[in-house]
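K.L.:
Following our numbering, the numbering of the sequence shown begins with 3 at its first residue and continues without gaps. Cβ coordinates follow ideal geometry from the N, Cα and C atoms, glycine included.
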Amino acid sequence: MMEEFATTFVETTLMEHAKFANYLMLSSHLLANPEWDVDGVMGEGDLMGVTVELRDTNINLHYFQQTCDSIIRGRKLTNDAPDRSILEIDEQENLASFAPLGMRTRVVNQVVDKLLEVALDINGVTPDIWLKGANVFARDVYGLVGSDCDIPAVNRLLEVTRVMTMDYERFSLLSNALCDLMGSDGFIDIEELTADTTLREEATSMLKAKNISYPLDAISILNRRRS
């Protein structure tokens, strides 16, 4: 039931009515096209910290999240009765929080999945990543879901944006180190890396030292960064 609600909310309310689908197309071009007027896009951010194309999605998503939070707070106030045991109150609060928290998490997960599809080039629409566009995308991601960092999928997406917005020096050092490990020149073969246990463990250890928890995501980004 909650998964069905989340799918309907994301696909109908956000993708269609709030034009989230339009933003996803824009963001793929923003990341992949070095000629895009990113300075103009950066100048169009609203007070909520996102570009104008993402504004309606941001408003709808945050209103939904606030509604879920208000339900949880309302239930907690109802349960603050002096004649009830702490155990009874905790049980009631857990039950009352289950549905709104579950729906919120599922909605955010689906939103994150769609943003990751763009960032990780799942559908082949983001073959390159340029730093200026990556900075806009990272700002939009944080404005949209940055407050939900307690959800693991959000942390994954935020890490992806941190990797794609690395300054050139840090990016080059990390990319060159991984290429040296692989014995390659400018490209890290993910299939070769995952097939070799020793290489995979060494690469994972190298990336963890840089506070990167999703090595395959990072390598996908490193292979496509162009500036």
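Relative to the C-alpha of Gln68, which residue among Asp150, Asp169, Leu160 is closest?
P.N.:
As a position in the sequence shown, residue 68 is number 66, starting the count at 1. Here the closest residue by C-alpha is Asp150.
K.L.:
Apply the 10 Å Cβ neighbour rule to Thr199 and answer buried if 16 or more other Cβ atoms are within range, or exposed otherwise.
P.N.:
On the sequence shown, residue 199 is found 197 positions in, with the first residue counted as 1. Exposed.
K.L.:
Do the region 209-221 and the region 165-180 make contact, defined as three or more Cβ pairs closer than 8 Å?
P.N.:
Touching, per the Cβ criterion.
K.L.:
Could you please give the first and the last residue of the uninterrupted alpha helix (DSSP H) stretch that includes Asp182?
P.N.:
The sequence position of residue 182 within the sequence shown is 180, counting from 1. 170-184 is the span of the alpha helix (DSSP H), which, as asked, contains Asp182.
K.L.:
Output needed for Asp187: all residues of its chain with C-beta closer than 8 Å, excluding positions within five of it in sequence on either side, in chain order.
P.N.:
Against the sequence shown, residue 187 aligns to sequence position 185. If we look at Asp187 and ignore the five residues flanking it on each side, its Cβ neighbours are Cys181.
K.L.:
Comparing C-alpha positions only, which one of Met105, Arg164, Pro154, Glu18 sits nearest to Ile131?
P.N.:
Locating residue 131 in the sequence shown gives position 129, counting from the first residue. Nearest C-alpha to Ile131: Arg164.
K.L.:
Which partner residues does Ile131 have in the DSSP bridge list?
P.N.:
By one-based count along the sequence shown, residue 131 stands at place 129. DSSP, once it has assigned bridges, lists Arg227 as partnering Ile131.
K.L.:
Can you say whether Asp142 is buried or exposed, counting buried as having 16 or more other CB atoms within 10 angstroms of its CB?
P.N.:
The sequence position of residue 142 within the sequence shown is 140, counting from 1. So Asp142 ends up on the buried side.
K.L.:
For Ile153 and Thr196, which I take to be in contact (beta-carbon distance under 8 Å), what is that distance rounded to the nearest angstrom?
P.N.:
Here residue 153 refers to the residue found at position 151 of the sequence shown. Here residue 196 refers to the residue found at position 194 of the sequence shown. Not confirmed; about 26 Å, so no contact.
K.L.:
Identify which residue in Gly185, His19, Ser222 has its Cα closest to the Cα of Gln129.
P.N.:
For this step, residue 129 is matched to residue 127 along the sequence shown. The displayed chain sequence assigns Pro, not Gln, to residue 129. Closest by alpha carbon: Ser222.
K.L.:
Distance, Cα to Cα, Phe66 vs Glu37?
P.N.:
As a first step, residue 66 is located in the sequence shown; it is residue number 64 there, counting from the start. As a first step, residue 37 is located in the sequence shown; it is residue number 35 there, counting from the start. Approximately 36 Å, taken between the alpha carbons.
K.L.:
Just the C-alpha distance for Leu16 and Asn62, rounded to the nearest angstrom, thanks.
P.N.:
Position 14 of the sequence shown, counted from the start, is the residue given in the question as residue 16. Position 60 of the sequence shown, counted from the start, is the residue given in the question as residue 62. Answer to the nearest angstrom: the Cα atoms are 7 Å apart.
K.L.:
Can you tell me whether DSSP reads Met4 as helix, strand or coil?
P.N.:
Residue mapping note: residue 4 aligns to position 2 of the sequence shown, counting from 1. If DSSP states are grouped into helix, strand and coil, Met4 belongs with the helices.
K.L.:
For Glu5, does the count of other Cβ atoms within 10 angstroms reach 16, so buried, or fall short, so exposed?
P.N.:
In the sequence shown, the residue the question calls residue 5 occupies position 3. The residue in question, Glu5, is exposed, as its Cβ has fewer than 16 Cβ neighbours within 10 Å.
K.L.:
With distance defined between alpha-carbon atoms, name the residue in Gly145, Val110, Glu13 nearest to Val54.
P.N.:
Your numbering for residue 54 matches position 52 in the sequence shown. Per the Cα distances, Gly145.
K.L.:
Please report the distance separating the alpha-carbon of Leu122 from that of Asp219.
P.N.:
Against the sequence shown, residue 122 aligns to sequence position 120. Against the sequence shown, residue 219 aligns to sequence position 217. Rounded to the nearest angstrom, the two C-alpha atoms are 7 Å apart.
K.L.:
Use the C-beta contact count for Glu90: other C-beta atoms within 10 angstroms, 16 or more gives buried, fewer gives exposed.
P.N.:
By one-based count along the sequence shown, residue 90 stands at place 88. Only weak support exists for where Glu90 lies, its pLDDT of 48 falling under 50; the value from the coordinates is given anyway. With fewer than 16 Cβ atoms within 10 Å of its Cβ, Glu90 is classed as exposed.
K.L.:
Take Ser29 and list the residues in its own chain whose beta-carbon comes closer than 6 Å to its own, dropping the five residues that flank it on each side.
P.N.:
Along the sequence shown, read from residue 1 onward, the residue named residue 29 stands at position 27. The residues are Val120, Phe139.
K.L.:
From what residue to what residue does the alpha helix (DSSP H) around Lys210 run?
P.N.:
Counted from its first residue, the sequence shown places residue 210 at position 208. 199-210 is the span of the alpha helix (DSSP H), which, as asked, contains Lys210.
K.L.:
Confirm, please, whether the CB-CB distance from Val147 to Val109 is below 8 Å.
P.N.:
Start at 1 with the first residue of the sequence shown, and residue 109 comes out as number 107. Start at 1 with the first residue of the sequence shown, and residue 147 comes out as number 145. Cβ distance not < 8 Å, so Val109 and Val147 don't count as in contact.
K.L.:
Just to confirm, is the Cβ distance from Arg2 to Tyr216 under 8 Å?
P.N.:
For the chain, the structure presents residues 3 to 229; residue 2 sits outside this window and is missing.
K.L.:
Within the continuous alpha helix (DSSP H) that includes Met27, where are the two ends?
P.N.:
Numbered from 1 along the sequence shown, position 25 holds the residue referred to as residue 27. It spans 22-34 - the alpha helix (DSSP H) in which Met27 sits, taken as one unbroken run.
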